[in-house]
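Numbering (my numbering), first residue to last: 0 to 292. The beta-carbon is built from N, C-alpha and C at its ideal position, and this holds for glycine as well.
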Amino acid sequence: LSLSLLSLSLNSNPISINTKPVPQSYPINNRLRAKPRIMTDRVYPSSKPATNGTAAAAASGNPSFPATKAQLYNAARPAYRPQPRHRHRRSCCCSCCLWITLIIILILLLAAIAGAVLWVLYRPHRPTFSVSSFQISQFNVTSSSQLTSKFNLTVTARNPNKKLVFFYDPVVVSITADGVDVGDGSLPAFVHGTKNTTTLRTTIASRGQSMDSTAVSVLKSDLKNKNSLPLKIQLDAKVKVKIGGLKTKKVAIRVTCDGIKAAVPTGKSATRATTSDAKCKVDLRIKIWKWTI
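Given below as structure tokens:
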């Protein structure tokens, strides 16, 4: 029945069948049938504004990188500042000055103790000098400002010590009148024993000594107004002291005798000076570098 019905339908309504070959198709995966997904990079907005040139680089399509910035290490740590050392230097200087002062005080104290011990044991005293005799044999100032003079001097030296002996080097003698040098000479070296008195004699002469106009005027004024010359005798020597078995180093002494007045001789006979008022002073001279005390 069905076949008859089908044949009837085909005869009544003819069906056109497309005989075009259908292309062979392959099974397509369900995943490929899905809509293709576009792969793009996600761009996140920068948290900081773009620096100069970044926007232009992005617009041109070239890749841009953030500008490099110097990295700070230990930014929160404070910078080291060394403490000034002037206080330390000042303290060092103060301590050095203090030590030097203490050493000087200690040396002075030891010297004072040693001096006190020597004084108690030996009772030292300075030697004394006096002018026993002084004569002017010749004294003449020429018109050409030249001086010719001759003096006879006798000096007495006394040692009052019982345990001290003095050893004198040659003594330099100089005679001045109102500060003008009128004669120079010397005394021989000698030993001054304990409780000893020594008499020293010498002749002091000056022949043709040139003088300046000021010195000549001073001498002529004294001779005219006073009829005598105020003279001063000065003795310089180096002395070594023997204390028991100990000998000290040489020290310089100066003996100054003032108050001597003498008249200038008019003939060949010498004139004797007045020495009753003469006083001699003995000074110890200590030389420190360039200064003499």
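Candidates T265, D235, G243 and L245, of which the one nearest C256 by Cα: Position 257 of the sequence shown, counted from the start, is the residue given in the question as residue 256. Relative to the Cα of C256, the nearest Cα in the group T265, D235, G243 and L245 belongs to D235.
Candidates S209, V172 and A176, of which the one nearest R253 by Cα: As a first step, residue 253 must be located in the sequence shown, where it is residue number 254. Shortest Cα-Cα distance from R253 to any of S209, V172 and A176 involves V172.
Residues near A262 in its chain [Cβ-Cβ closer than 7 Å; skip 5 each side]: Looking up residue 262 in the sequence shown gives position 263. Sequence-distant partners of A262 (beyond 5 residues in either direction) whose C-beta falls short of 7 Å from its own C-beta, in its chain, are N226, S227 and T270.
Beta strand (DSSP E) runs wholly inside the stretch 191 to 254, at least 3 long, in chain order: Note on the stretch 191 to 254: whole beta strand (DSSP E) runs with a minimum of 3 residues are 195 to 209 and 228 to 242, in chain order.
Cβ neighbour criterion (16 or more within 10 Å) applied to H191: Here residue 191 is taken as the residue at index 192 of the sequence shown, counted from 1. Within 10 angstroms of the beta-carbon of H191 lie 16 or more other beta-carbons, which makes it buried.
Cβ contact check for the stretch 112 to 131 and the stretch 169 to 187: 3 or more pairs under 8 Å: Contact between the stretch 112 to 131 and the stretch 169 to 187 is absent, because fewer than three Cβ pairs lie under 8 Å.
Proximity of V154 and L146 at Cβ, strictly below 8 Å: Position 155 of the sequence shown holds residue 154. Position 147 of the sequence shown holds residue 146. V154 places its beta carbon 8 Å or farther from that of L146.
Sheet register partners of V164 (DSSP bridge): On the sequence shown, residue 164 is found 165 positions in, with the first residue counted as 1. For V164, DSSP records a beta bridge to K241.
Distance cut-off 7 Å: A156 Cβ against heavy atoms of the ligand SAM: Ligands displayed in this structure: none; no statement on the ligand SAM is therefore possible.
Whole-number beta carbon distance between A176 and P229, since they are thought to touch under 8 Å: For the purposes of this step, residue 229 is taken as residue 230 along the sequence shown, with counting starting at 1. For the purposes of this step, residue 176 is taken as residue 177 along the sequence shown, with counting starting at 1. With a Cβ gap of about 6 Å, P229 and A176 count as contacting.
Closest residue to V240 among T100, C96 and T193 (Cα-Cα distance): Taking the first residue of the sequence shown as 1, we reach residue 240 at position 241. The shortest Cα separation from V240 among T100, C96 and T193 belongs to T193.
Close beta carbons around S209, own chain, < 7 Å, minus the five adjacent residues each side: The sequence position of residue 209 within the sequence shown is 210, counting from 1. The beta carbon of S209 is closer than 7 Å to those of S144 and Q145 in its chain, skipping five residues each way along the sequence.
G184: first and last residue of the uninterrupted beta strand (DSSP E) it sits in: Locating residue 184 in the sequence shown gives position 185, where the first residue counts as 1. Counting along the chain, the beta strand (DSSP E) containing G184 begins and ends at V179 to L186.
Coarse secondary structure for I259, derived from DSSP in three states: Numbered from its first residue, the sequence shown carries residue 259 at position 260. For I259, the three-state secondary structure derived from DSSP is strand.
Collapsed DSSP secondary structure at S94 in the structure displayed: Locating residue 94 in the sequence shown gives position 95, where the first residue counts as 1. Three-state DSSP puts S94 in a helix.
Spatially closest choice to I242 from L152, L120, T213 and I259, by CA coordinates: Residue mapping note: residue 242 aligns to position 243 of the sequence shown, counting from 1. If we check each option's Cα against that of I242, L120 comes out closest.
Sequence-distant residues of the same chain with beta carbon closer than 7 Å to S275, five excluded per side: Here residue 275 corresponds to residue number 276 of the sequence shown, with the count starting at 1. None.
Integer Cβ distance of F150 from I112, believed to fall under 8 Å: Residue mapping note: residue 150 aligns to position 151 of the sequence shown, counting from 1. Residue mapping note: residue 112 aligns to position 113 of the sequence shown, counting from 1. With a contact defined as Cβ atoms closer than 8 Å, F150 and I112 miss out at about 47 Å.
For T100, the three-state DSSP class (helix, strand or coil): On the sequence shown, position 101 is the one that residue 100 refers to. Secondary structure of T100 (DSSP, three-state): helix.
Alpha-carbon spacing of A188 relative to L283, whole angstroms: As a working mapping, residue 188 is identified with position 189 in the sequence shown. As a working mapping, residue 283 is identified with position 284 in the sequence shown. Rounded to whole angstroms, A188 to L283 spans 18 Å at the Cα level.
Which of helix, strand or coil DSSP assigns to I285: As a working mapping, residue 285 is identified with position 286 in the sequence shown. Assignment of I285 by DSSP, reduced to helix, strand and coil, places it in the coil class.
Under the three-state DSSP convention, the category A269 falls into: Against the sequence shown, residue 269 aligns to sequence position 270. Coil at A269, not helix or strand.
Coarse secondary structure for A176, derived from DSSP in three states: For the purposes of this step, residue 176 is identified with residue 177 of the sequence shown, where counting begins at 1. A176 falls in the strand class under three-state DSSP.
Bridge partner(s) assigned by DSSP for S132: Within the sequence shown, numbered from 1, the residue matching residue 132 stands at position 133. Per DSSP, T153.
Own chain residues within Cβ distance below 8 Å of S136, not counting five before or after: The residue you call residue 136 lines up with position 137 of the sequence shown. Hits under 8 Å: K149, F150, N151, P264 and A269.
Identified DSSP bridge partners for V140: Taking the sequence shown and counting its residues from 1, the one referred to as residue 140 is at position 141. L146, per the DSSP bridge assignment.
Same chain only: Cβ atoms within 6 Å of R125, ignoring 5 sequence neighbours per side: Taking the first residue of the sequence shown as 1, we reach residue 125 at position 126. Excluding sequence neighbours, R125 sits near V281.
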